[in-house]
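Written below as structure tokens is the structure these notes are about.
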Amino acid sequence: MASYATAVADTFPKLLIRNAKLYGSRPAMRHKDLGIWQTWTWGQVLDIVRAYAVGLHRLGLKRGDTIAVVGANRPKLYWSVMAAQMVGAIPVPVYADAVADELAFVLDHADVRFAAVEDQEQVDKILSVSQKLPKLEQMIYDERRGLRDYDHARLRPIDDVVAEGRKALAEDASAVAWLDAQIVSGKGSDPSIILYTSGTTGASKGVLLTHERSILAGSDTVAFDKLTEKDVALAYLPLAWVGDHYLNYVQGMIAGFCIACPENTDTAMQDLREIGPSFYFAPPRTLEMLLTRVTIRMEDAGFLKRKLFHYFVGIARRYGERILNKQPVPLSGRLLYRLGDFLVYAPLKNVLGFSRVRVAYTAGEAIGPELFGFYRSIGLNLKQLYGQTEAFLYVTAQPDGEIYSDTVGPAIPNVDIRITDNGEVLFKSPGMFTGYFKDEAKTAEVMTEDGYVKTGDAGFFDEKTGHLKIIDRAKDVGKLNDGTMFPPKYIENKLKFYPNIREVVAYGDKRDFVAVMINIDLAAVGSWAERNNVVYGSYQELAGHPLVYDIIEKHVAEVNRSLAADKVMGGAQIRRFLILHKELDADDGELTRTQKVRRGFIADRYASLVTALYDGSSEADIATEVTFEDGRKGTISARVKIRDMKTEPAAGALEKAA
Amino acid sequence: MRAPSGPEIAVGDVLLSVENVSLSFGGVKAVTDVSFDIRKGEIRAIIGPNGAGKTSMLNVINGFYHPQQGRITFKGKARGHMRPYDAAYGGIARTFQNVALFRGMTALDNVMTGRSLKMRRGFLWQLLRHGPALAEEVEHRHRVEEIIDFLKIQDIRRVPVGRLPYGLQKRVELGRALAMEPELLLLDEPMAGMNIEEKEDMSRFILDVNDYYGTTIALIEHDMGVVMDLSDRVVVLDHGIKIADGTPDDVKKDQAVIDAYLGVAH
């Protein structure tokens, strides 16, 4: 299938025609509208997109032009992408929730003359910055509501554009000939789309991709996960995000599977259950939210149900993953798991909409082993991938049966990975971008001379599994004085996966060893204290309790053991730790508003503690100013104890990463 | 689709007029000699301090109370003795100050009840749910889904309204009133008890209803800011007496209104 796709169709319009031929009467797209799932077959989609393309051309869209696509996942916006590509224009999807200024930046930078938008909200947003967008000529919209009284000189419904194109195709033979010529003359090396990065690090950049490369990359992963025209995916992640464009649009076009658009963002979870997708992607955050929701509902359930749930989740934890990985499991375990599947796992998966999921991915941030293990244990084939917009998503992915919570898998077929001396991951892939739009300087910055792309992430290959482990942003990775690599976030995350630990700040760059400051989780540790008759009057008292120190020490020891198992990380084991007497708080500037620790700021604020961590003293005094919720300020002073840790012998001879 | 009875009234003409209406309960005079009109297509507000007789006025329009004196003309026809369901059949729908929904029923079913006036098949037919009754239900369900889409409550379609937050319940209630496809929509304190965000949403919906369905709206409201932004014309009551009537700007400047709201030295 993959080879057929690449041999015959090197552009998306050609793929669409192929799909209409091969799967003409199979569903290509579904959308829930007025409470009912509407379906369009590949044949119908081709028909609409052809008319739409001619309509766009009549409006003035030409080969090489850019057209913005702004809104939620809706068929008409996906068709806008297809129709633009058919004309030879380059679609530029923009995040629907971008504020007006961000939108203006992208629209202006991408030189768009046209914008296909979802509704009045987006029209208003663009109109509010229209004086910054002299190049913008026409807006076309999906949802008519509220737009009736607007000046329609530069505004019209998508339906009208399609209808106009349809009329032209029916009446004018030259329009048909023109369109067919456009499709034939499209080359694989033409740009297919510009995806703007979200701009978490600096201004957003337009990643330019081509038809041929996108299709090559997509064909590889379609083959990797054995996706076929019988699969179904729910398109609920932002249209402008590389993940949606790749996983749904591109893979859907290549494999010919159906993508379903939810009714609106709030109904996505219900729609998921109704559609029952076979291919699913969710960021760790979403998976965590789902699990929390299930847990809360189970706590409210009746006694019998609750017992049953906890018992069988325990069974799943013991055998589930091994069964999924096709490893040997005793017969009794198999039978119990079967029973659990009947009573608990299958109904649970049904509620979550996972009943038919064959392949599920998560990516974007580190996922806790507990969380990851839970979903796998109930039989969801959840895997991890690592990717980037610049790679056109996939760099690595875990193959079925080789799943670990702390790796992102080996390189996907045809992708080449290299790791530099300072630990940065470089890759070269069939789908990689051709450059940042109108920004050669930035392009040159991330490309190496021999054509590899710098990811900005630090990582290494795990010895045992051969999988890549991503540990931190490359610029945050430091070195201990003996040259051992020190990725703070990697160590912090390992500790934060324990429910008793809320925040961690790790130090080690240009130091002799790694030391950490820990924030306990009041809810988790507090409930432990209640159960074990540990009396405490305040957070500070609980944090300083010797028994609490004992618990945390166990966690740190476990982390050290897991660090020792990696040859590269063995030297970065934690030697000393302390438990902070107060919770780190965004109001005090210790965390960012998105709850990330501000390592540098904390080092200054708790300077005396950091010094004590490294001068060998067993306790230290600290006084910090705090801001109360009503804005008053006060001081908290405390004597904080510091514990030494034993380190494990590292695996193999200690070869320095450097 | 409009309510069938009565002549067609052009936008801007008087849809409903209240002439010299007085209403009292025993010795308590709720409304005294009040006259005003509501024109087709406008958003008309009735405001006033607590106990000014606003809700009584609404109940009079709605046919729930019968005024001892005065006359009410709706669509050119003077109304005699009228019951609330006559008003409903005549094209007047309302929402209530305290949400009055069927708490155990889903949002969808609640909105669906708004269609019951339009159902032509009898109870037995509907029980059968076959043939014409089914076709009719599908048609009504389609209308209801349009309203659900309009009010953006798709995600709570299947949730019993008793479990919904207050702001959403208000929205469902508006949906039920809209399902009647009224010519005149009476809203009794649509924003009461809402936070700012909910108020903004509700204002948006009220303007959209007026714009999209062309529904004439009469609303009672406490929140002066909201009233002044939303309405085309405002009538002000105080102690059952009309003290002002005009555009929001005129009313704001009216000394009698300022006195009624801020109090005046006696």
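From first to last, the protein sequence lines stand for chains U and H. Heads up: the first sequence at position 395 corresponds to 395 in our numbering, and the numbers run straight through without jumps. Each number in our numbering comes from the position in the second sequence (counting from 1) with 1000 added on. No residue lacks a Cβ here, since even glycine has one placed at the ideal position from N, Cα and C.
- Less than 7 angstroms separates the beta-carbon of Val242 (chain U) from that of Leu195 (chain U).
- Residue contact check for Asp1109 (chain H) against chain U: no CB pair falls below 7 angstroms.
- Ranked by Cα distance from Arg1120 (chain H), the first of H:Met1105, H:His1140, H:Ala1107 is H:His1140.
- Around the Cβ of Glu365 (chain U), a 10 Å sphere holds fewer than 16 other Cβ atoms; the residue is exposed.
- For Thr267 (chain U), the neighbours in chain H by C-beta distance under 8 angstroms run, in chain order, Gln1154, Asp1155.
- Distance from the CA of Asp450 (chain U) to the CA of Leu237 (chain U), rounded to the nearest whole angstrom, comes to 34 angstroms.
- Ile1196 (chain H) is classed as exposed because its beta carbon has fewer than 16 other beta carbons within 10 Å across all chains shown.
- Scanning U:Met432, U:Leu287, U:Phe281, U:Leu343 for the CA closest to the CA of Tyr311 (chain U) turns up U:Leu343.
- Considering only beta carbons, the part of the stretch 8-41 of chain U lying closer than 9 angstroms to chain H consists of Lys32, Asp33, Leu34, Gly35, Ile36, in chain order.
- Of all residues in the stretch 1124-1155 of chain H, only Arg1141, His1142, Glu1145, Glu1146, Ile1148, Asp1149, Phe1150, Lys1152, Gln1154, Asp1155 place a beta-carbon less than 8 angstroms from a beta-carbon of chain U.
- For Gly146 (chain U), the chain H residues whose C-beta falls within less than 8 angstroms of its own C-beta are Asp1208, Asp1211, Tyr1212, listed in chain order.
- Contact annotation: in the stretch 250-279 of chain U, residues whose CB is within less than 8 angstroms of a CB in chain H are Glu263, Asn264, Asp266, Thr267, Gln270.
- In the assembly as shown, Ser429 (chain U) is a buried residue. Its beta-carbon has 16 or more other beta-carbons within 10 Å.
- The DSSP assignment places 488-496, 522-531 as complete runs of the alpha helix (DSSP H) inside the stretch 454-539 of chain U, in order along the chain (cut-off: 4 residues).
- Rounded to whole angstroms, the Cβ separation of Leu136 (chain U) and Leu103 (chain U) is 11 angstroms, and the two are not in contact under 8 angstroms.
- Assignment of Asp550 (chain U) by DSSP, reduced to helix, strand and coil, places it in the helix class.
- In the three-state DSSP reduction, Arg156 (chain U) falls in the strand class (E or B).
- When U:Asp587, U:Ala623, U:Ile551, U:Ala620 are compared, the shortest CA-CA separation from Asp630 (chain U) is found for U:Asp587.
- The residue among U:Ala110, U:Trp37, U:Thr396, U:Leu16 with its C-alpha nearest the C-alpha of Thr66 (chain U) is U:Ala110.
- A distance of 7 angstroms or more separates the beta carbons of Phe1036 (chain H) and Val1236 (chain H).
- With a contact defined as Cβ atoms closer than 8 angstroms, Ala83 (chain U) and Ala53 (chain U) qualify at about 4 angstroms.
- Listed in chain order, the non-local C-beta contacts of Phe354 (chain U) below 6 angstroms within the same chain comprise Leu380, local neighbours out to five positions each way being set aside.
- Annotation: Leu324 (chain U) to Gly368 (chain U) spans about 19 angstroms, alpha carbon to alpha carbon.
- With respect to Met569 (chain U), Leu578 (chain U) sits apart: the two C-beta atoms are not nearer than 7 angstroms.
- H:Phe1074 is the residue among H:Asp1201, H:Phe1074, H:Asp1229 whose C-alpha sits nearest the C-alpha of Leu1184 (chain H).
- Less than 7 angstroms separates the beta-carbon of Leu480 (chain U) from that of Gly508 (chain U).
- Trp42 (chain U) carries a helical assignment under DSSP once its states are collapsed to helix, strand and coil.
- Straight through space, the alpha carbons of Lys305 (chain U) and Ala360 (chain U) are spaced by roughly 28 angstroms.
- Annotation: the continuous alpha helix (DSSP H) that includes Leu291 (chain U) extends over 284-299.
- Pro649 (chain U) sits in coil when the DSSP states are folded into three classes, being neither helix nor strand.
- For Val176 (chain U), the secondary structure class from DSSP, reduced to helix, strand or coil, is helix.
- Excluding the 5 residues flanking it on each side, Tyr1261 (chain H) has same chain C-beta neighbours closer than 7 angstroms at Pro1049, in chain order.
- Counting only residues of its own chain and dropping the five nearest sequence neighbours on each side, Phe433 (chain U) has a CB closer than 7 angstroms to the CB of Val207, Leu208, Leu209, Glu390, Phe392.
- Of all alpha-carbon atoms in H:Ala1177, H:Lys1199, H:Val1011, H:Lys1242, the one lying nearest the alpha-carbon of Phe1096 (chain H) is that of H:Ala1177.
- Lys383 (chain U) sits in a strand when the DSSP states are folded into three classes.
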